[in-house]
Every structure is written in C-alpha cells, then in structure tokens.
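Just below is one structure, and these are the notes that go with it.
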Amino acid sequence: MNWLAWIPFLEPINWFHRWWYLLLIPLSFGISVAYKAIRVHSLKGYWWQVGLMTTQIVLGVLGLGILVALFVQFGIPALSN
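Each residue of the sequence shown is one higher than the last, beginning at 12 in the working numbering.
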C-alpha cells in the first residue's frame, strides 16, 4: 500500500482489521479516566477505581458479544422453526 496515496475514511487499512478489537482496552481506559476524574470526590484510590471500571467495561462488552453470538447461533434459528 502506498501511504502517500492513502485517503482516510475512503480506503480502509486492511492489515488493521484483524486487530480492531484490541482498541477496546485503550478506549475503555480513556473513558474510565475521564469519567472518574469528573465523578470522584477525592483522588484517594483514583487509579484503583479507573482500573476497576476499565475491567468492568471490557468484561461487559465481551459478555454482550458472547450473548449476541449465542443468540445469532441458536436463538434466531430456533425462531424460524
């Protein structure tokens, strides 16, 4: 791929599509840092709360992904019978 001729949003970077789900970790970390910076009253235990919220977001998204995959695999075919 010629990087000088690459047009963002019109030509996707194909080599990155295999690893897109790894962006969930920095995205959830950034959301946690911003949210906790606004919501906590004192900074005591701030990073612990950020880590906990990051873990909750990642596990929640993974759980929802598994539930949707199971529904598509088993629920939708059961509805068509």
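Where is the CB? At the ideal position from N, CA and C, for every residue including glycine. As the structure is a computational prediction, the values presented were derived from the model and not from experiment.
- Item | First and last residue of the uninterrupted alpha helix (DSSP H) at I68 | The residue you call residue 68 lines up with position 57 of the sequence shown. Unbroken alpha helix (DSSP H) run through I68: 57-81.
- Check the C-beta distance from I68 over to I42 and give it rounded, since I have them as a contact under 8 Å. Within the sequence shown, residue 68 is the residue found at index 57, counting from 1. Within the sequence shown, residue 42 is the residue found at index 31, counting from 1. Right, their Cβ atoms sit about 7 Å apart.
- Taking R50 as part of the alpha helix (DSSP H), name the residues at either end of that continuous run. In the sequence shown, the residue the question calls residue 50 occupies position 39. It spans 35-50 - the alpha helix (DSSP H) in which R50 sits, taken as one unbroken run.
- Buried or exposed by the 16-neighbour rule on C-beta atoms within 10 Å, applied to T65: As a position in the sequence shown, residue 65 is number 54, starting the count at 1. Label assigned to T65: buried.
- Do V61 and the ligand HEM come close, with the Cβ less than 7 Å from some heavy atom? This structure lacks the ligand HEM, and indeed carries no ligand of any kind.
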